[in-house]
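**Q** Mind looking over this structure? Questions follow.
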Amino acid sequence: MQALAAYQRAVQLAPDDPVVYRGLANVHCDRQAFEAADRAYARSRGLAAEAITAWNHSQLLIGLERYAEGYALAESRWELAGLQPWRDPTTAWRGEPQGWQGPLLLWSEQGLGDTLQHLRWLGPLVQRRGEAAPPLVLEVEPCLVELLRQGLAHLEPRPVVRGKTGGDAPTWRGAQVSLLSLPGLLGGAPLPKAAAWLQAVSWAQPRELGRQGQQGLQPLRVGLVWAAGRKLDDPVTAREYRRRSLSPEALGALILGLEGLGARCTLLQFGPDRHQADPFRAPGTEELAAEADFAATAALVAQLDLVISVDTAMAHLVGAMGRRGWLLLPFSAAPRWLRHRADTPWYPSLRLFRQPQPGDWQAVVWEVLTALRDRGADLGAEVELKAGCS
C-alpha cells in the first residue's frame, strides 16, 4: 500500500509525467487491480509514446482477455532496445500471401516458457498453409531443439527445427516472423483450442494409474518444481525469481506433506536450486538428471501422474504436453494467468493455486495437499493415497 500511496501522491505533484503513470500502473498490476492499471497505462501512453509502456499495457490487456488489442499493441516491443537484432524489417512477415504459401522462418524470443506457450499457434498455421507448402523452419534455443523435433513431428509437413547460434540474426533470405507475433496474424482472439500441441510416440504410454504390482498398488508419482528461472543479474527478473519461487519453509511443507499422503516425489528442478530439497527429500527420491535436456524432461514427465510447479518453463511444458499439472502462483501473478480462476484458457490440463495474499506460500501448500487428499480419486481411482494430510 505504501507504493500505491506514493505513486498517487506523485500523480498529484506531476500530473503530466508519463513515467509516474506507468509506475502507478505497474503497482496496480501487482495488486491485481487490472482495470485501474489499464486506465493508468492508457494515460501514460496518451502523454508519451514509449515502447516499454505499450509493451506492459499489451500484457495487461491479455490479462483482461482483450486479446486482439493486446497482441496488436505487443508489436510495439520492436522499439525496445535489444530486440532489433532478431528482426530484419525487409523480410518481416506481416501476413502477406507468400508467408502463407512459401518458405517461412519462425523464431523464438523472450523466455523458454513464452516459446512453449506460443507454439500452440503452429498447428493452425500449418493447417492454413496446407500440405503443399514447404515445411516451416523453426529457430529456437538449443536446449529446446530435440524436444520440438520430437514433439512437433505429428504436424504435416513436419517443421524443420534448428538451434539459434549466438546473438546473430538468423541466416534466412525469405519471410520470417517471431513466434510471439503469430497470435496477431492468426486472428488474435479467441484463443485456438488445443489440448496438447507437443506430442510424441515415445510419450504416449504413461504409467497406468494404480496398476497392481507385486507390492500392491503403486503410489502416486508427483513431479516437483519449486524455483523459477534464476536470472539475478537484472533487477526485474531477480524480483520475479523471488516472487515466484517457494520459500524453503513452504518447500519443506510440500515435500513432507506429499510423503505423508503416500505420494512418491520426483524432483524436476533445474539449476542450483535443485539442492534446496536436500534437507527434506526421502532416501532414494527420484530426480531429473542434472544434465537432462527438455526432451529427456518430457519423457520423464510423461511417466508421472501429476506435476506441481511454480510459474516457470516446466509448467508450460506440462501444459503443452497436455499432462496434468498444478501451477502454484504468487499473489501478483503474470497477467497471462488472468485472475480469480483455478483454470486457464492456455492449458486445459493445468489447475491453478494462488496465494491469497503476497508471500503466503504456506496457504498455497495447504490447499494443494488438501486437494490431493480430497480429490486423489480424480487422478486415478486406484492410486494409493493415505487418508491423512500431515
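Residue 330 in this note's numbering is what sits at position 330 of the sequence shown, and the numbering runs on without skipping anything. Even glycine gets a Cβ: it sits at the ideal position worked out from N, Cα and C.
If you draw a straight line from the alpha carbon of Pro103 to that of Gly174, how long is it in whole angstroms?
**A** Their backbone Cα atoms lie some 6 Å apart in a straight line.
**Q** Of all the options Ala333, Glu367 and Gln362, which has the alpha carbon lying nearest to the alpha carbon of Leu60?
**A** For the residues Ala333, Glu367 and Gln362, the minimum Cα distance to Leu60 belongs to Ala333.
**Q** In the DSSP assignment, what residue or residues form a beta bridge with Ile308?
**A** Beta-bridge pairing links Ile308 to Leu224 and Trp326.
**Q** Using DSSP with H/G/I as helix, E/B as strand and the rest coil, what is Ser178?
**A** If DSSP states are grouped into helix, strand and coil, Ser178 belongs with the strands.
**Q** Taking the straight line between their C-alpha atoms, what separation do you get for Gly271 and Ala250?
**A** The straight-line gap from Cα to Cα measures roughly 19 Å.
**Q** Give a yes or no on contact between the region 125 to 137 and the region 187 to 203, applying the rule of three or more CB pairs nearer than 8 Å.
**A** No, the region 125 to 137 is not in contact with the region 187 to 203.
**Q** Inspect the beta-carbon positions of Val126 and Leu155 and report whether they are closer than 7 Å.
**A** Yes, Cβ-Cβ distance for Val126 and Leu155 is below 7 Å.
**Q** Are the region 217 to 226 and the region 252 to 262 in contact at 8 Å, needing three or more beta carbon pairs?
**A** Touching, yes.
**Q** Tell me which residues share the same chain as Ala298 and place their Cβ nearer than 8 Å to its Cβ, disregarding the 5 neighbours each side in the sequence.
**A** Same-chain partners within the cutoff: Leu147, Gln150, Gly151, Leu198, Ala200, Trp203, Leu317 and Met321.
**Q** Does the beta-carbon of Pro345 have 16 or more other beta-carbons within 10 angstroms, so that it is buried, or is it exposed?
**A** Answer is exposed; the Cβ neighbour count stays below 16.
**Q** Count the other CB atoms within 10 Å of the CB of Asp234; is the residue buried (16 or more) or exposed (fewer)?
**A** Burial call: exposed.
**Q** Report the three-state DSSP secondary structure of Arg354 (helix, strand or coil).
**A** In the structure shown, Arg354 sits in a strand (DSSP, three-state: E or B).
**Q** Look up Gln2 in the DSSP assignment and say whether it is helix, strand or coil.
**A** Three-state result, Gln2: helix.
**Q** If I'm right that Cys29 touches Pro358 with Cβ under 8 Å, what's the distance once you round it to whole angstroms?
**A** Contact doesn't hold; Cβ gap of about 13 Å is too wide.
**Q** Quick check on the DSSP output: the alpha helix (DSSP H) that includes Glu146 runs from which residue to which?
**A** Where Glu146 is concerned, the enclosing alpha helix (DSSP H) stretches over Val145 to Gly151.
**Q** Measuring only the C-alpha atoms, how far is Val11 from Ala48?
**A** Answer to the nearest angstrom: the Cα atoms are 15 Å apart.
**Q** My output table needs one value for Glu65: the three-state DSSP class, helix, strand or coil.
**A** Correct three-state label for Glu65: coil.
**Q** Identify the residues that DSSP records as bridge partners of Ala92: which are they?
**A** For Ala92, which the question treats as bridged, DSSP gives the partners Gln176.
**Q** Per DSSP, Glu291 forms a beta bridge with which residues?
**A** Answer by DSSP bridge pairing: none, since Glu291 is not bridged.
**Q** Considering just the uninterrupted stretch of the beta strand (DSSP E) at Thr266, what are its terminal residues?
**A** Arg264 to Leu267 is the span of the beta strand (DSSP E), which, as asked, contains Thr266.
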